[in-house]
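Undergrad: Quick note, the sequences are listed as chains A and B, same order. Going by my numbering, the first residue of the first sequence is number 113, and it counts up by one from there. Going by my numbering, the first residue of the second sequence is number 1340, and it counts up by one from there. The structure's right below; bear with me while I get my questions together.
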Amino acid sequence: MSLVGAAVLRKEDPNLLVGRGTFTDDLHPAGTAFMAFVRSPEAHARITGIDTSAAADMPGVHGVWSLAELSLGEGEGIPPLPGVPGLERPALADGVVRFAGEPVAVLVADDRYLAADAVEAVDVDYEPLPAVASIPAALAEDAPLLYEPVGSNVVFGIPWEDDAEAELAAAQNRTSIRLVNQRCAPVPLEPMVILADASAEGLTVHVTFQAPHHLRTKLAGWLGEKEHRIRVIAPDVGGGFGSKINFTPELFLAPLLSRQLGRPVKHCQTRSEAMQLMYHGRDQIHDVEVGFDDDGRVRALRNMISQNVGGYPDPNGMGMAVLTTWMSAGCYKIDKVAAGFQNVVTNTTPIAAYRGAGRPEATYMIERVMDLVADETGLDPADVRRRNFIGPDEFPFSQPHAEAVHYDTGNYEAALDKLLEMLDYDTLKQEQAARRDDPDRPLMGIGMSTWVEIASFGPRGSLEGFGHLGSWESAKVRLQPDGSVVVNVGSAPHGQGHETAFAMIAADELGVDYDNIIVRAGDTETMPQGIGTMGSRSVPIAGSAVKAASEKILVKAKEIAAHLIEANPDDLELRDGGFGVIGSPEDHVNWQAVAHASFQPGQLPEGVAAGGLDEQVFQEVPNFTYPSGAYGCVVGIDRDTGEVRVERYVLVDDCGTVINPLLAKGQVHGGAAQGIAQALYEAVVYDDAGQPQTSSLLDYLAPAATELPAFEEGRVSTPTPVNPLGAKGIGESGAIGSPPAVVNAVVDALSHLGVRHLDMPLSPEKVWNAMNDNGATS
Amino acid sequence: MTEVRISINGESRDHDVDPRTLLVHYIRETRRLTGTHVGCDTSNCGACTVLLDGAPVKSCTVLAAQADGAEITTVEGLATNGTRSPVQEGFRQKHGLQCGYCTPGFLVAATALLEENPDPTEQEIREGLEGNLCRCTGYAMIVDSVRWAAEHPEGHVPTDTAGAEVAS
Chain A
113 MSLVGAAVLR KEDPNLLVGR GTFTDDLHPA GTAFMAFVRS PEAHARITGI
163 DTSAAADMPG VHGVWSLAEL SLGEGEGIPP LPGVPGLERP ALADGVVRFA
213 GEPVAVLVAD DRYLAADAVE AVDVDYEPLP AVASIPAALA EDAPLLYEPV
263 GSNVVFGIPW EDDAEAELAA AQNRTSIRLV NQRCAPVPLE PMVILADASA
313 EGLTVHVTFQ APHHLRTKLA GWLGEKEHRI RVIAPDVGGG FGSKINFTPE
363 LFLAPLLSRQ LGRPVKHCQT RSEAMQLMYH GRDQIHDVEV GFDDDGRVRA
413 LRNMISQNVG GYPDPNGMGM AVLTTWMSAG CYKIDKVAAG FQNVVTNTTP
463 IAAYRGAGRP EATYMIERVM DLVADETGLD PADVRRRNFI GPDEFPFSQP
513 HAEAVHYDTG NYEAALDKLL EMLDYDTLKQ EQAARRDDPD RPLMGIGMST
563 WVEIASFGPR GSLEGFGHLG SWESAKVRLQ PDGSVVVNVG SAPHGQGHET
613 AFAMIAADEL GVDYDNIIVR AGDTETMPQG IGTMGSRSVP IAGSAVKAAS
663 EKILVKAKEI AAHLIEANPD DLELRDGGFG VIGSPEDHVN WQAVAHASFQ
713 PGQLPEGVAA GGLDEQVFQE VPNFTYPSGA YGCVVGIDRD TGEVRVERYV
763 LVDDCGTVIN PLLAKGQVHG GAAQGIAQAL YEAVVYDDAG QPQTSSLLDY
813 LAPAATELPA FEEGRVSTPT PVNPLGAKGI GESGAIGSPP AVVNAVVDAL
863 SHLGVRHLDM PLSPEKVWNA MNDNGATS
Chain B
1340 MTEVRISING ESRDHDVDPR TLLVHYIRET RRLTGTHVGC DTSNCGACTV
1390 LLDGAPVKSC TVLAAQADGA EITTVEGLAT NGTRSPVQEG FRQKHGLQCG
1440 YCTPGFLVAA TALLEENPDP TEQEIREGLE GNLCRCTGYA MIVDSVRWAA
1490 EHPEGHVPTD TAGAEVAS
């Protein structure tokens, strides 16, 4: 029986369900001390003095350091964090702070309570500087500059390569809109935690991180240490959503201070710290112009993106806008697309990857544009989409505006059809009209989003620019003498269910019982090299590596099996937990015998080396994958309060081959929850002076079970030819496809009042104002 | 220092604690029961939920000293004789977790919910778990998990499975 495709229960769960998970903060080696930060209350200021003496004298405090007091041990200062050349972030503020919460000093004390006391005792003098907290403020004439030598708050940008002015002008109709994709906080339930132990030989780091090998390489360079002396382990990781691949100060300072103090040093962010220090996502403004014909065909699109990268440009954050430009045409064939961007620094927390990283913004833009075109032409939004789709027979499809973008497979119309059928769209529209006329019932809106995203970050060159050693992923499959299997994978999970998915793939490939397979990841000592978990790359690339390594095992195993039962390897098939001769039921040898023999030279055929069955593959892929889908949202809006309730939510996904429908469902639900939350609830807010207004879960509204709907699910499947599994990846889909579906639904509900657009999040106040201004809101 | 006697999962211990010690830190660091997690510092996320004399509380907003003399149940105390409780089994059967960080809090809160209301509606489950945040799921399968537990108060009846166990 093939396991791939079955709803296999997770291998991960038994431990996690009884409190036996191992998260980083669960580890307490003897002598562990706690590291804490003194953080700036100012968004932009010059540091005129730091007095650490009172804190340093407190009982239980092992040391307090400002940047000037830190060294690598040779009396020299320490390097900045890995970052954008020339604009790197210092490990602690270097004379100037550029966002509220930026660490200006670090200390270590016996326990977290004493450390918190000592933080209060450090005295820092600031000379406030004028701050800019938004893109418009940073771009204003005479705006204060964050980096004087740059001469501008725009740190990097590419204009649209080829202006679409002629095509825009030639279209029968033309309109423009400014779309704001607000700043969001990733909020993994487990904040950032690191435990560094350099008290013995070398350095061992346990850390809640998505890419342990990447961190090891960076730590080695930073600390001037050889990689063989550094072991990075990501044990159970409590969610990441992209936030745990960024290089932030604690990752470098805990190992450094452990080395200096000769004892394990642990740092656990509080949630309030995480809200300020864990890099945010999104924060783009899109200035969009669209030209379209009366029949809804979109002829030209110009999208100029301004992205707020915060106080220090992070390489991941800088790159997100590139992905937004790439995906600006969505799943449509648009004659002319011009997309460019500018990255803008402001006195806010840096931004970097967050679930979807650059694609949710593109999808929000193009899916809002499709609804605008529908609104202006008077056509149904479904018809407008249908008329612009890339057809199912047009793949592979190269988007002309973006050199790297070649859609692999898809059937966008089938997904839309499925969605409309599941929604019972025509009936819904009748109900909407009836509810509009009934003042006792909530207003109703129907929104859709037919989206495509870019996933499986694996083609050569796609990650190297961000400092990774490659874009491949690795897998190592090893048979134990008893025929059980250990699979090591390079991509380190944070809740996705890798152990289950990879064991299923290996079980199918090897014909070994699922229960006899264990999957390990997240430890630089057990995997020679890996890349990491992000961009829905693990199943498509690491899963393919597991398959490929298993295939290599089979070649050798077959030779051994054939030798043991005196058959020809070509006559063998996988059967009944071992190998059997095709057409000969009694000629069979089980995996245990084959594995056992593989270690014993005397039992091996000539030319087969002893040393077990152990194969490793570094899997490359020739292209990205392009998961797609159609999401539909039905909202009810309270006429008195403006509160939006999601009444129905339909998810039609096409992620190609599904390894395990349970895991896929989990990933889509989680993504959709974050996407719906972006549309309705979540926003990181700063005041004009750069003071965060959302610095805890009291004021940042991550939704609970009462806010979110039940989900209805459908599926279209167009497997990708890019990898042997046919899997496209599904980790980000929900977060990418959902915000426009929800916003389109709310705007649809209010369209009869003249509402054309509302910016996220659609709070009751915003919606109420739109309803009661009677169309005055743009 | 304050002397406390706290029973956790049926085991009573005496300790001297700093009066400001939070119950969650006492549970995790003094008693080494690390299933109870800390996800926020404002009692919004519920990852630290435990039962205090049978009632669900957020152990990040209770002092260890306040729990003197109390009976605490943590996630480690939900299973009996190595058998998962119906709620734990429900989360397994219905894929009610991903990273597992918020899960202990949900399991404890759901246990308390079913104690009070053994047959909750979907809406009652959602409201009962309002004090717990999960960032990996969209809650739908958490709701299904609790529903499963309500329908299987005897817990899981093992079925004949060869190799992989497939969702019921």
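Note that CB positions come from ideal geometry on N, CA and C, so glycine has one too.
Extract the residue ranges of the beta strand (DSSP E) inside the stretch 204 to 292 of chain A, only unbroken runs of 3 or more that lie entirely within it.
TA: Counting only runs of 3 or more, we get 215 to 221, 235 to 240 and 266 to 270.
Undergrad: When you compare the stretch 566 to 579 of chain A with the stretch 750 to 760 of chain A, are there three or more beta-carbon pairs, one atom per stretch, that lie closer than 8 Å?
TA: Cβ pair count under 8 Å is below three, so no.
Undergrad: Answer with buried or exposed for valine 667(A), where buried requires no fewer than 16 other C-beta atoms within 10 angstroms of its C-beta.
TA: With fewer than 16 Cβ atoms within 10 Å of its Cβ, valine 667(A) is classed as exposed.
Undergrad: Counting C-beta neighbours from all protein chains within 10 Å, is the total for alanine 283(A) 16 or more, i.e. buried, or is it exposed?
TA: With 16 or more other Cβ atoms within 10 Å, it is buried.
Undergrad: By alpha-carbon positions, which one of Thr562(A), Gly838(A), Gln542(A) and Trp563(A) ends up nearest to leucine 555(A)?
TA: Among Thr562(A), Gly838(A), Gln542(A) and Trp563(A), the Cα nearest to that of leucine 555(A) is on Gln542(A).
Undergrad: How do the stretch 388 to 407 of chain A and the stretch 275 to 295 of chain A stand: do at least 3 beta-carbon pairs fall below 8 Å, yes or no?
TA: Contact between the stretch 388 to 407 of chain A and the stretch 275 to 295 of chain A is present, because at least three Cβ pairs lie under 8 Å.
Undergrad: Give me whichever residues DSSP pairs with tryptophan 177(A) in a beta bridge.
TA: Beta-bridge pairing links tryptophan 177(A) to Val218(A).
Undergrad: Can you check whether the CB of aspartate 229(A) is closer than 8 Å to the CB of phenylalanine 146(A)?
TA: It is not a contact, given that the beta carbons lie outside the stated cut-off.
Undergrad: At what residues does the alpha helix (DSSP H) containing serine 165(A) begin and finish?
TA: Element bounds for serine 165(A): 165 to 168.
Undergrad: Could you run through the stretch 498 to 511 of chain A and flag, in chain order, every residue whose CB is less than 7 Å away from some CB of chain E?
TA: Included in the structure are the protein chains A and B, with no chain E among them.
Undergrad: Between phenylalanine 614(A) and valine 624(A), which are expected to be in contact by the criterion C-beta below 8 Å, what is the C-beta distance as a whole number of angstroms?
TA: Going by Cβ atoms, the distance from phenylalanine 614(A) to valine 624(A) rounds to 13 Å, so no, they are not a contact pair.
Undergrad: If we ignore side chains and look at the alpha-carbon of each, how far apart do glutamate 1493(B) and phenylalanine 1430(B) end up?
TA: Computed Cα separation, rounded: 15 Å.
Undergrad: With a Cβ-Cβ cutoff of 8 Å, do alanine 1406(B) and valine 1343(B) count as a contact?
TA: Yes, Cβ-Cβ distance for alanine 1406(B) and valine 1343(B) is below 8 Å.
Undergrad: Is it true that the stretch 514 to 534 of chain A meets the stretch 815 to 834 of chain A, where meeting means three or more beta-carbon pairs spaced less than 8 Å apart?
TA: Short answer: they touch.
Undergrad: Confirm, please, whether the CB-CB distance from glutamine 1432(B) to tryptophan 1487(B) is below 8 Å.
TA: A contact, by the Cβ cut-off of 8 Å.
Undergrad: With DSSP run on the structure shown, which of helix, strand or coil describes serine 1351(B)?
TA: Residue state, collapsed to three classes: strand.
Undergrad: Mind checking glycine 866(A): buried by the 16 CB within 10 Å criterion, or exposed?
TA: Under this definition glycine 866(A) is an exposed residue.
Undergrad: Out of curiosity, what's the CA-to-CA distance linking serine 710(A) and aspartate 699(A)?
TA: Roughly 19 Å separates the two Cα atoms.
Undergrad: Please tell me whether leucine 622(A) and isoleucine 672(A) are closer than 8 Å, where the distance is taken between their beta carbons.
TA: The answer is no: Cβ separation not under 8 Å.
Undergrad: With a cut-off of 8 Å, does the C-beta of aspartate 1407(B) fall near any C-beta of chain A?
TA: No - not a single Cβ of chain A is within 8 Å of the one on aspartate 1407(B).
Undergrad: Counting beta carbon pairs with one atom in the stretch 316 to 330 of chain A and one in the stretch 385 to 393 of chain A, are three or more of them shorter than 8 Å?
TA: Touching, no, given that fewer than three Cβ pairs across the two stretches are closer than 8 Å.
Undergrad: If we define contact as Cβ-Cβ less than 8 Å, is threonine 458(A) a contact residue for chain B?
TA: Chain B, which has no Cβ nearer than 8 Å to the Cβ of threonine 458(A), makes this no.
Undergrad: Only counting the same chain, and skipping five residues up and downstream in sequence, which positions put a Cβ closer than 6 Å to that of phenylalanine 691(A)?
TA: Cβ neighbours of phenylalanine 691(A) beyond the five flanking positions: Ala673, Leu684 and Val701.
Undergrad: Which of the residues in the stretch 595 to 626 of chain A, read from start to end, lie with their CB under 8 Å from any CB of chain B?
TA: If the cut-off is 8 Å between Cβ atoms, the stretch 595 to 626 of chain A has His606, Gly607, Gln608, Gly609, Met616, Ala619, Asp625 and Tyr626 near chain B.
Undergrad: To the nearest angstrom, how far is the alpha carbon of leucine 280(A) from that of alanine 451(A)?
TA: Looking at the two C-alpha atoms, the distance is approximately 13 Å.
Undergrad: I'd like to confirm the pairing. Which residues does DSSP put opposite glycine 1385(B) in its beta bridges?
TA: Glycine 1385(B) is not bridged to any residue.
Undergrad: Going by DSSP, which residues form a beta bridge with methionine 560(A)?
TA: Bridge partners of methionine 560(A): Gly744(A).
Undergrad: With a threshold of 8 Å between beta-carbons, can glutamate 1410(B) be considered close to chain A, or not?
TA: Not an interface residue.
Undergrad: Taking Cβ-Cβ distances below 7 Å as the criterion, which residues of the stretch 370 to 394 of chain A are in contact with chain B?
TA: Correct list: Thr382, Arg383 and Ser384.
Undergrad: I believe tryptophan 563(A) touches glycine 442(A) by the beta-carbon criterion, under 8 Å. Please report the beta-carbon distance rounded to the nearest angstrom.
TA: Their Cβ separation, rounded to whole angstroms, is 6 Å, which keeps tryptophan 563(A) and glycine 442(A) in contact under 8 Å.
Undergrad: If you measure between the beta carbons of glycine 1374(B) and glutamate 1415(B), is that distance less than 8 Å?
TA: Taking 8 Å as the Cβ cut-off, glycine 1374(B) and glutamate 1415(B) qualify as a contacting pair.
Undergrad: Between which residues of its own chain and threonine 889(A) is the CB-CB distance below 7 Å, once the five residues before and five after are set aside?
TA: Note that threonine 889(A) scores 44 on pLDDT, short of 50, meaning its location in the model is unreliable; the coordinates nonetheless yield the value given after this. For threonine 889(A), where only same-chain residues beyond five positions count, the Cβ hits under 7 Å are Val867, Leu870, Asn881 and Ala882.
Undergrad: Sorted by chain position, which residues of the same chain lie with C-beta nearer than 7 Å to alanine 212(A)'s C-beta, five sequence neighbours on each side aside?
TA: Excluding sequence neighbours, alanine 212(A) sits near Ser152, Pro153, Glu154, Ala155, Gln388, Gly802, Gln803 and Pro804.
Undergrad: For isoleucine 502(A) versus lysine 445(A), is the C-beta distance shorter than 8 Å?
TA: Yes, they are a contact pair.
Undergrad: With a cut-off of 8 Å, do at least 3 Cβ pairs link the stretch 622 to 641 of chain A to the stretch 334 to 353 of chain A?
TA: Segments in contact, yes.
Undergrad: For the structure I just gave you, are there three or more beta carbon pairs, one from the stretch 713 to 731 of chain A and one from the stretch 772 to 787 of chain A, closer than 8 Å?
TA: At 8 Å Cβ cutoff, the stretches do not touch.
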